[in-house]
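Chemist: Heads up: the sequence shown begins at 0 in numbering that gives the first Met the number 0, then just goes up one per residue.
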Amino acid sequence: MQEQHSFTANQNQGSLYLVPTPIGNLEDMTFRAIKTLKEVDLIAAENPSHTQQLLNHFEIDTKKISFREDNKDYRIDEIINNLQSGLNVAQVSDAGMPSISDPGQELVKACVEQHINVIPLPGANAGLTALIASGLMPQPFYFFGFLNRKNSEQITELEELNKHTETLIFYEAPHRLNKTLKNMQKVFGENRQAVLCRELTKKFEEFDRGSLSELIQWTEDNQVRGEFVVIVDGNDKANEQAEEDDQLAGLSIKEQVDYFISDGMKTNASIKEVAKLHQVKKQEIYNIYHEI
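#1: Going by other Cβ atoms of all chains shown within 10 Å of its Cβ, with 16 needed for buried, is Leu180 buried or exposed?
#2: If you run the structure through DSSP and keep just helix, strand and coil, what is Ala44?
#3: Using beta-carbon positions only, say whether Val88 and Ala43 come within less than 8 Å of one another.
#4: Do you know offhand how far Met96's Cα is from Gln216's?
#5: For Lys63, is the classification buried or exposed, using 16 other Cβ atoms within 10 angstroms of its Cβ as the cut-off for buried?
#6: Is Glu171 buried or exposed, if buried means 16 or more other CB atoms sit within 10 Å of its CB?
#7: Give every residue of the same chain whose Cβ lies closer than 8 Å to the Cβ of Gln1, excluding the five residues on either side of it in the sequence, and list them in chain order.
#8: So, are the CB atoms of Glu226 and Arg197 less than 8 Å apart?
#9: Compute the Euclidean distance between the alpha carbons of Leu17 and Ala125, then round it to the nearest angstrom.
#10: So the candidates are Leu41, Ser100 and Ile168; which of them puts its Cα closest to the Cα of Arg74?
#11: Indicate whether Leu53 and Thr20 have their beta-carbon atoms separated by less than 8 Å.
#12: Is DSSP giving Lys202 helix, strand or coil here?
#13: From this set, Phe203, Glu213, Lys202 and Phe206, which residue's C-alpha is nearest Met183's C-alpha?
#14: CB-CB under 6 Å to Pro139, same chain, minus the five flanking residues each way: which ones, in chain order?
#15: Could you give the first and the last residue of the continuous beta strand (DSSP E) run that contains Ile230?
#16: Skipping 5 residues on each side, what residues in its chain have a beta carbon closer than 7 Å to that of Lys281?
#17: Thinking C-beta only, is Ile118 closer than 8 Å to Phe142?
#18: Just curious, the alpha helix (DSSP H) that Glu105 is in, first and last residue?
#19: Decide if Thr7 is buried, meaning its Cβ has at least 16 other Cβ atoms within 10 Å, or exposed.
#20: Arg191: buried (16+ other C-beta within 10 angstroms of its C-beta) or exposed?
#21: Once DSSP output is grouped into helix, strand and coil, what is the label at Asp207?
#22: Helix or strand or just coil, what does DSSP make of Gly144?
#23: Cβ of Arg197 less than 8 Å from any chain D Cβ?
#24: Consult DSSP for Ser133 and reduce its assignment to one of helix, strand or coil.
#25: Evaluate Ser133 with the Cβ neighbour count: other Cβ atoms within 10 Å of its Cβ, from every protein chain shown; 16 or more gives buried, anything less gives exposed.
#26: From the DSSP secondary-structure annotation, give me the bridge partner or partners of Lys63.
#27: For Gln90, write down the residues that DSSP places opposite it in a beta bridge.
#28: What residues match up with Phe169 in a beta bridge as DSSP calls it?
#29: Pull the bridge partners of Arg74 from the DSSP assignment, please.
#30: CB Ala129 to CB Val228, shorter than 8 Å?
This is the structure we're talking about:
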């Protein structure tokens, strides 16, 4: 067990401050975040040139170093050494909360292992900002972030997520949005309600609400720009599906096919459903069912 008392001074080492930055509107920067960035000895920034624009706006001249995905392995040791020598360090990502779909988690873990205080500041977060204005149920929710870029792996992730009754929160890039929505439609169904949120907190902030099929059409009729938060309604039939899976688990392949037939499905559709359940080819289930 480990206890952290964030504001109990340790004269021998510094603290790591996790400082959120605005996701679009600079006025969302908090007084405390500005004060912290001015007072720390070092800022570890995902993209120092991008962060410099923020620092210039608030007249902050604290020294910066880069801390990003491709240099984190050696930067973590360097930052830990600075902290252990008594320097206070602030970590920032390009926008929003550090560690949320951005670098940071490994640094936090390393600090915790070294008994260095990790002090989080509250602030802007794109996922929650989009969620509360989406019109979908805000709680419970399940934050996922970016789906896998590979099509087959993305489908696998979505099939697992389809077991959730909670509202789902995703991030997606504009050039991948249409493909991702089509995969969601394939797994969740065309009528699942969702919201596309872009340019959050900026002048051209936009929320597009509708079914997945309607939103796919929207992406094909409009010029898709900006980073997106995609909010998707949870699966209200997930619990029923789990119960059905439990019922099917004790049945033979032939009995499983007959189960779906008794529920009103045609034989070929039932065979296809069982094949999907077992993740095998339809022909394999067909041969078992017909004893070929």
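C-beta: ideal position from N, C-alpha, C; glycine also. Every value quoted in this text rests on a predicted model; they were computed, and no experiment measured them.
Modeler: From the atom records:
#1: buried
#2: strand
#3: It is a contact, given that the beta carbons lie within the stated cut-off.
#4: 32 Å
#5: buried
#6: buried
#7: Val111 and His114
#8: yes
#9: 16 Å
#10: Leu41
#11: yes
#12: coil
#13: Glu213
#14: Glu165
#15: Phe227 to Val231
#16: Ile270, Lys271 and Ala274
#17: no
#18: Gln104 to Glu112
#19: The residue in question, Thr7, is exposed, as its Cβ has fewer than 16 Cβ neighbours within 10 Å.
#20: buried
#21: strand
#22: DSSP places Gly144 in strand when its eight states are reduced to three.
#23: The structure shown contains no chain D; it is built from a single protein chain.
#24: helix
#25: buried
#26: Ile42
#27: Leu17 and Ala43, per the DSSP bridge assignment.
#28: Gly144 and Val229
#29: DSSP output for Arg74 lists no bridge partner at all.
#30: yes
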